[in-house]
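Heads up: the structure comes next, in structure tokens.
Structure representation (structure tokens):
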């Protein structure tokens, strides 16, 4: 009689790994905590330092591409049509003797516009440039007829640019002070410090991106910057509010440390932060499509671009920087360092769960635990066997 040997199938290792990953993401959705944000804070600090260093170097070496509203100057614009930017720029130089700072075509379709930005021009230079461009390139007006009136111009004085710059800096300072005071009064002093540092990092990195890629800094961009900084501090305050809730009374128990409760708070709010950021990015992307591809409106483009960059940067700072920085600040205090040691000792089997119970434990005395009980008749009282005592404790007599 022959026997057939059936081998068991190999364990599906890969599927177990996938299942583990799925369970990890489910823990995020169920707010059980799956990502160690705080434990990896040194990594986030290094990444932040790298971003800040690159941004500062870019600002120092490349500087900013300030718009006409900040530097002052003259802008000439006309319907692009079939015009070639390089040819129009050459005509402009021949007529004025001035090399423009920027010549570009913005928009798409019938909304395409050719813009020439240059230093401040006299009215005579503007008239010469308009006439020369019209004679050589014949730009069309809104009715499709060649006309010099199709070439528009606007001039901003340098004093106006200085005024705008001063007001921009004043608005930034007022915003930072107001935000710091609110967080300090609403939450805690350490939270205000961490939130302000994260907010400053947001501002430095965003401005560094503009300097690195030569993006134009305009009043619309500054308005958008204040908007995204407000969004960033709002998201940080939401996370900090949950941290404050989780860490309330943490020093009275040895079950967890301040860092662990703060990390749990981050995991409990991470999906909300990501969802809010994604929902915020959708209309911004739609605004960019309308502004750049359909209308070619520079103001809308500047506003949408800075908001999109800020939302992406805000996710990083609110999740990976603000709360880990808060934990680093809090754990500098002696009472929290001592509490971390007590938690570690409790997990090693030393001490009780609640802080202050060790003294009570030291005053307890135990009596011999009974080995078994005698089963008596139903009419008899239940009593322990001879030679045994009752299981109880009471404090030592004072």
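In the working numbering, the protein residues as written are 1 to 398. In this text, a Cβ means the ideal position worked out from N, Cα and C, and glycines have one as well. No experiment lies behind these values; they were computed from the predicted model shown.
Go to residue 252, then tell me how far its alpha helix (DSSP H) extends in each direction, as first and last residue.
Your numbering for residue 252 matches position 252 in the chain shown. Counting along the chain, residue 252 falls outside any alpha helix (DSSP H), and DSSP gives it neither H nor E.
Going by beta-carbon coordinates alone, are residue 95 and residue 114 separated by less than 9 Å?
For this step, residue 95 is matched to residue 95 along the chain shown. For this step, residue 114 is matched to residue 114 along the chain shown. With contacts defined by Cβ atoms closer than 9 Å, residue 95 and residue 114 do not form a contacting pair.
Would DSSP call residue 31 helix, strand or coil?
For this step, residue 31 is matched to residue 31 along the chain shown. The predicted model places residue 31 with a pLDDT of 48, which falls under 50 and marks its position as unreliable, so this point remains unresolved.
Return the chain-ordered list of same chain residues with a C-beta closer than 7 Å to the C-beta of residue 63, the five sequence neighbours on each side being excluded.
Counted from its first residue, the chain shown places residue 63 at position 63. Within the same chain, residue 63 has close Cβ partners 211.
Taking DSSP's pairing of strands, which residues face residue 146 in a bridge?
Your numbering for residue 146 matches position 146 in the chain shown. Residue pairing of residue 146 in beta bridges, as defined by DSSP: 140.
Whole-angstrom distance between residue 52 and residue 60, CA atom to CA atom:
Here residue 60 is taken as the residue at index 60 of the chain shown, counted from 1. Here residue 52 is taken as the residue at index 52 of the chain shown, counted from 1. A straight-line Cα-Cα distance of about 12 Å links residue 60 and residue 52.
Anticipated Cβ contact below 8 Å, residue 281 with residue 308, distance rounded:
Position 281 of the chain shown, counted from the start, is the residue given in the question as residue 281. Position 308 of the chain shown, counted from the start, is the residue given in the question as residue 308. Residue 281 to residue 308, Cβ: 6 Å. Contact.
Whole angstroms are fine: how far does the CA of residue 264 sit from the CA of residue 322?
On the chain shown, residue 322 is found 322 positions in, with the first residue counted as 1. On the chain shown, residue 264 is found 264 positions in, with the first residue counted as 1. If I take the Cα positions, the gap works out to 14 Å.
Under the three-state reduction of DSSP, which class applies to residue 431: helix, strand or coil?
An answer regarding residue 431 cannot be provided, because it is not within the stretch 1 to 398 covered by the chain.
Could you check which residue in 318, 76, 49 and 192 has the C-alpha nearest to that of residue 429?
Shown here, the chain extends from 1 to 398; a query on residue 429 therefore has no answer.
Neighbourhood of residue 250 by C-beta distance below 6 Å, restricted to the same chain and skipping five residues each side
Here residue 250 refers to the residue found at position 250 when the chain shown is read from its first residue. Once the five neighbours on either side are set aside, the close Cβ partners of residue 250 are 258 and 261.
At the level of alpha carbons, what is the spacing between residue 74 and residue 65?
What you label residue 74 is simply residue 74 of the chain shown in a count that begins at 1. What you label residue 65 is simply residue 65 of the chain shown in a count that begins at 1. When only Cα atoms are considered, residue 74 and residue 65 end up about 15 Å apart.
According to DSSP, is residue 105 part of a helix, a strand, or is it coil?
Here residue 105 refers to the residue found at position 105 when the chain shown is read from its first residue. Reduced to three states, the DSSP call for residue 105 is strand.
Going along the chain, which residues of its own chain have a beta-carbon closer than 7 Å to the beta-carbon of residue 313, five neighbours each way excluded?
Taking the first residue of the chain shown as position 1, residue 313 is located at position 313. Taken in chain order, the residues that qualify are 202, 205 and 206.
Can you list, in chain order, the residues of its chain with a C-beta nearer than 6 Å to that of residue 440? Leave out the 5 residues immediately preceding and following it.
With the chain represented from 1 up to 398, any question about residue 440 goes unanswered, as that position is not in the structure.
Residue 331: first and last residue of the uninterrupted beta strand (DSSP E) it sits in:
Your numbering for residue 331 matches position 331 in the chain shown. Premise fails: residue 331 is in no beta strand (DSSP E) and is neither H nor E.
Bounding residues of the beta strand (DSSP E) (the contiguous stretch that carries residue 88):
Taking the chain shown and counting its residues from 1, the one referred to as residue 88 is at position 88. That residue, residue 88, is in no beta strand (DSSP E); its alpha helix (DSSP H) goes 85-96.
Check the DSSP bridge columns for residue 73 and list the partner residues they point to.
For the purposes of this step, residue 73 is taken as residue 73 along the chain shown, with counting starting at 1. For residue 73, the pairing in a beta bridge is given by DSSP as 156.
When burial is assigned at 16 or more other CB atoms within 10 Å of the CB, is residue 144 buried or exposed?
Residue 144 sits at position 144 when you count from the first residue of the chain shown. Using a 10 angstroms sphere on the CB of residue 144, the tally of other CB atoms stays under 16, which defines it as exposed.
Buried or exposed for residue 254, going by 16 or more other Cβ atoms inside 10 Å?
Translated into the one-based positions of the chain shown, residue 254 becomes position 254. A residue is called buried when at least 16 other Cβ atoms come within 10 angstroms of its Cβ; residue 254 meets this threshold and is buried.
On the three-state DSSP scale, how would you describe residue 227?
Indexing the chain shown from 1 puts residue 227 at position 227. Under the three-state reduction of DSSP, residue 227 is assigned to helix.
I'd like to know whether the C-beta atoms of residue 239 and residue 266 end up nearer to each other than 9 Å.
Within the chain shown, numbered from 1, the residue matching residue 239 stands at position 239. Within the chain shown, numbered from 1, the residue matching residue 266 stands at position 266. One thing to note: residue 239 has its Cβ within 9 Å of the Cβ of residue 266.
What are the residues that DSSP puts in a beta bridge with residue 270?
For the purposes of this step, residue 270 is taken as the residue at position 270 of the chain shown. Answer is none; residue 270 lacks a bridge partner.
Outcome for residue 274 when other beta-carbon atoms lying within 10 angstroms are tallied against a minimum of 16:
Residue mapping note: residue 274 aligns to position 274 of the chain shown, counting from 1. Answer is exposed; the Cβ neighbour count stays below 16.
The alpha helix (DSSP H) with residue 48 in it runs from where to where?
Translated into positions along the chain shown, residue 48 becomes position 48. Element bounds for residue 48: 41-61.
Can you tell me which of the three DSSP states residue 217 falls into?
On the chain shown, residue 217 is found 217 positions in, with the first residue counted as 1. DSSP places residue 217 in strand when its eight states are reduced to three.
Give the secondary structure of residue 100 by DSSP, where H, G and I count as helix, E and B as strand, and everything else as coil.
Your numbering for residue 100 matches position 100 in the chain shown. When DSSP states are grouped into helix, strand and coil, residue 100 belongs to the coil group.
Comparing C-alpha positions only, which one of 333, 337, 269 and 88 sits nearest to residue 400?
A question about residue 400 goes unanswered here, because the residues of the chain that appear run from 1 up to 398.
Could you have a look at residue 113 and say whether DSSP puts it in helix, strand or coil?
The count along the chain shown starts at 1 and reaches residue 113 at position 113. Strand at residue 113.
Beta-carbon within less than 6 Å of residue 37's beta-carbon, same chain only, minus the 5 sequence neighbours each way: which residues are those?
For the purposes of this step, residue 37 is taken as residue 37 along the chain shown, with counting starting at 1. Answer for residue 37: 263 and 266, listed in chain order.
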